[in-house]
Amino acid sequence: MLRSWRVKLKLLLATVTLAVLLSWLYLFVGSLEYGRFLLLPPCLGEQPSRDVEREALASRVRRVEEENQQLRLQLGQAQAEGSDGSPQWGVSAEDGDTPGGERSNRTACPKQRTVHKCELLHVAIVCAGHNASRDVVTLVKSILFHRKNPLHFHFITDSVAHQILQTLFQSWMVPSVHVSFYNADDLKAGTCPHLLPCRVALQPEVSWIPNKHYSGIYGLMKLTLTKALPSNLSKVIVLDTDITFATDIAELWAVFGKFSDKQVIGLVENQSDWYLGNLWKNHKPWPALGRGFNTGVILLLLDRLRRLGWEQMWRLTAERELMSMLSTSLADQDIFNAVIKQDPALVYRLPCFWNVQLSDHTRSEQCYTEVSDLKVIHWNSPKKLRVKNKHVEFFRNLYLTFLEYDGNLLRRELFGCAGLPSLPSNQLQQALEELDEDDPCYDFRRQHLTQHRVHLFFLQYEFLALPNPTDVTLVAQLSMDRLQMLEAICKHWAGPISLALYMSDAEAQQFLRYAQASEVLSARRNVAYHIVYKEGQFYPINLLRNVALANTQTPYVFLTDIDFLPMYGLYDYLRNSIQQLELPQRKAALIVPAFETLHYRLTFPKSKAELLSMLDMGSLYTFRYHVWPKGHAPTDYAKWRTATVPYRVAWQPDFEPYVVVRRDCPKYDQRFVGFGWNKVSHIMELDAQEYELLVLPNAFMIHMPHAPSFDISKFRLSAGYRGCLQTLREEFHQDLSRRYGAAALKYLTAERSL
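So that you can map any letter, position 402 of the sequence shown is 402 in the UniProt record's numbering, and since no number is skipped, the others follow by simple counting.
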């Protein structure tokens, strides 16, 4: 027994000596730049700043010294007990645990959980309205740029964001990206099938909470995620729309593996003094643990939260605090913090580089020392990019990189993951494979099959839910070189407008700045701008027209081109004409006669009489009189000069007037790209469907001069271009004959007689 005791005593003394040596060694290397990497195993997927590294070293030194004291105490106890007693060994704190039993994630490297490259990562985002739907695209781009895993986005939206984002993702067609929508406005009750949209009334869950934050009721929606998301979804990363990722989101997903058994929520500490209550006199924030936590980035273990009764937990906390606070100031963040204050064991403290908060007067600079330290940037100030920060220029450039990044480049396949859906769709893929690359018209056919990204309602749009039954929307399309026409058209047309804009990601941002700076455009809320992103070598003119047409909300549409200015008062005149001609009871297309000027500056005629005078003086012409008279000659301008009532005209080959028709008219044929036959084919189909062609006697529009488009130049210079256009015309005739039978034969006969 004595021999055994002596052996233990020698081991104990050796341990004390080793601990003392390690203590001095840590102190020595603590001042070295890479001391942490000499003595501590690196944390995979994390690159904390040097300040954090030194703090980790200091913490380890303090822990070793505490262990030394315990060992000395135990040694004294062992000597006092002698040969008859067994020494009582103290249990040192486990690496990463604090004396209070809470796990610390700042001082050590917990077991690193790697994410398999084919593991599906789930991301939830609350998004409502036109502006948030536009902002969230930059967040999604930053995630897609870095990601190596399949993703499932869960969007909690209003009806506006639902329509915008659903169209965007369907047209984006990013491989290995799934999207589900949960409509916060939907009041239908129901259950949530596996990873499908959930029909649960979300707004009533939080509408009783007064909220002063600019996010409104949607700023509280993150509280409802345990109920809104599918019941078999166990964990999710929750993000605000003003987040930008600078790393692979899988690194953040891996942090779930570091949660203790009690932790259910991962958050970064708030980097402002808001919850300390010292920002101004009588400032009274909601209760929070220390500085509180920011909810711009959240890791939620949904299954554990459901078992804990999360819904009842946050409701009771909110009800209690609202009795004295009366309302929330920071939306869901106040309630999350109040719950955590009550039960600190619920939270896992994420390192602050997972949510670098760029609001004014924050401690965000302590989260990084070099570019490589950055993980997630959070523009959580209402000032957004205008926020005051020492390194704001760097952060702004990083944000702008993704803002203007070509989203088409993010359609990357994830190889090596069996069972993942491959995009484009099988039908589209088959059509692409069937194309003959030796076909002289291959480029035209390839363009027709190109899947363009579409962002509907790029700017704020407001429209009456119950429009006038004779109301009409002006429909047109344009590219960047026609922006100057927008203000003039808005001055001439007071009614709703639907525009499809063909632009790159960078050009779309230029347009946004232009529209926001324009007093005329920013004052209008009934102009819908739909961005169709550039891809391919031809201008997809009929695709653009169809996008603008499909997203109108009035019973009638005025199908025009962006280079035309409608006469003053045309909006009211068309609505009256629709009513007087009883158009709802007949199938008719109202023709607005087209004229043109060769002068960039024009005193616009205020009446038909003034226009006729200008025609006689030679300052105006009938449209394309010099180069393409067949396009508008059937309008019969001679008759129009004296007409006082609408008159009917017959279809003729190459007729391409600008018309007012019902919104459910035939779509434009999208095989026609670039220049040539894009409107002619549409008028031909209207005639095939037996539309009456009625010329309005007191309506007119004037084409303004502009430089020739790139596509018209190619048409004039390239025999191959013109040959392919002829081939497409013949194929269109064949399709028309199949759809309309013998009635369509007259078009082919008329073509051959020319």
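Backbone N, C-alpha and C fix where the C-beta goes; we use that ideal spot for every residue, glycine too.
Between residue i and the rest of its own chain, which residues show a CB-CB distance below 6 Å, the 5 nearest in sequence each way excluded?
| i | result |
| --- | --- |
| Ser504 | Lys534 |
| Ile377 | Thr244, Val356, Phe395 |
| Phe538 | Gln447, Val673, Gly674 |
| Leu40 | Because Leu40 sits at a pLDDT of 37, beneath the cut-off of 50, its placement in the model cannot be relied upon, and the following sentence gives the value as read from the coordinates. There are no such residues. |
| Lys746 | none |
Give the C-beta separation of residue i and residue j to the nearest angstrom, bearing in mind that I take them to be a contact with Cβ-Cβ under 8 Å.
| i | j | result |
| --- | --- | --- |
| Gly676 | Leu725 | 5 Å |
| Pro666 | Glu685 | 5 Å |
| Lys587 | Glu690 | 6 Å |
| Phe256 | Lys235 | 6 Å |
So, helix, strand or coil for residue i, using DSSP?
| i | result |
| --- | --- |
| Thr247 | coil |
| Thr167 | helix |
| Leu346 | helix |
| His116 | coil |
| Asn408 | helix |
| Cys724 | helix |
| Asn397 | helix |
| Leu374 | coil |
| Val137 | helix |
| Ile562 | coil |
| His452 | coil |
| Gln357 | strand |
| Val174 | coil |
| Thr295 | strand |
| Leu300 | strand |
| Phe155 | strand |
| Leu581 | coil |
| Glu596 | strand |
| His122 | strand |
| Tyr747 | helix |
| Cys127 | strand |
| Thr317 | helix |
| Phe732 | helix |
| Ala719 | helix |
| Tyr740 | helix |
Would you say residue i and residue j are within 7 Å of each other, going by their C-beta atoms?
| i | j | result |
| --- | --- | --- |
| Met485 | Val592 | no |
| Leu120 | His154 | no |
| Pro285 | Gly277 | yes |
| Val371 | Thr473 | no |
| Leu696 | Ser613 | no |
| residue 762 | His632 | Only positions 1 to 754 of the chain appear in the structure, and residue 762 is not among them; the question remains open. |
| His213 | Leu330 | yes |
| Ala500 | Ala550 | no |
| Ala589 | Val475 | no |
| His130 | Phe457 | yes |
| Val347 | Leu267 | yes |
| Arg545 | Val174 | no |
| Pro150 | Ser171 | no |
| Ser479 | Tyr502 | yes |
| Trp253 | Val115 | yes |
| Ser381 | Ser359 | yes |
Quick one: residues in its chain with C-beta nearer than 8 Å to the C-beta of residue i, no 5 flanking neighbours on either side, listed in chain order?
| i | result |
| --- | --- |
| Phe595 | Leu611, Leu615, Leu620, Tyr621, Thr622, Phe623, Phe700, Met701, Ile702, His703 |
| Gly720 | Pro440 |
| Asp135 | Thr241, Asp242 |
| Leu220 | Val206, Ile209, Asn211, Thr328, Ala331, Asp332, Ile335 |
| Leu225 | Ala124, Ile156, Val236, Val238, Leu300, Leu302 |
| Gln553 | Phe463, Pro467, Thr473, Pro496 |
| Pro646 | Ser577, Leu581, Leu590, Leu694, Val695, Leu696, Pro697 |
| Leu165 | Cys127, Ser133, Val136, Phe155, Thr157, Val179, Phe181 |
Please go through the same chain and pick out, in chain order, the residues whose beta-carbon is closer than 7 Å to the beta-carbon of residue i, but skip the five residues on each side of it.
| i | result |
| --- | --- |
| Gln509 | Leu403, Glu404 |
| Ile335 | Leu223, Trp314, Thr317, Ala318, Thr328 |
| Arg662 | Pro555, Tyr556 |
| Gly741 | none |
| Ala488 | Leu565 |
| Gln652 | Pro634 |
| Met325 | Trp286 |
With a threshold of 6 Å (Cβ to nearest heavy atom), would residue i be considered close to the ligand NAP?
| i | result |
| --- | --- |
| Leu305 | Questions concerning the ligand NAP fall outside what the structure shown contains, since it holds no ligand whatsoever. |
Taking 7 Å as the CB-CB limit, is residue i close to chain B?
| i | result |
| --- | --- |
| Phe153 | Looking at the structure shown, chain B is missing, and only one protein chain is on hand. |
Could you name each continuous alpha helix (DSSP H) segment of 4 residues or more that falls completely within the stretch 197 to 277, going from the start of the chain to the end?
-> 203 to 206, 225 to 228, 249 to 254
Where in the stretch 628 to 706 do unbroken runs of the alpha helix (DSSP H), each at least 4 residues long, occur, reported from the N-terminal end onward?
-> 637 to 642, 680 to 688
Uninterrupted alpha helix (DSSP H) stretches inside the stretch 477 to 518 (no shorter than 4 residues) = 485 to 492, 505 to 517
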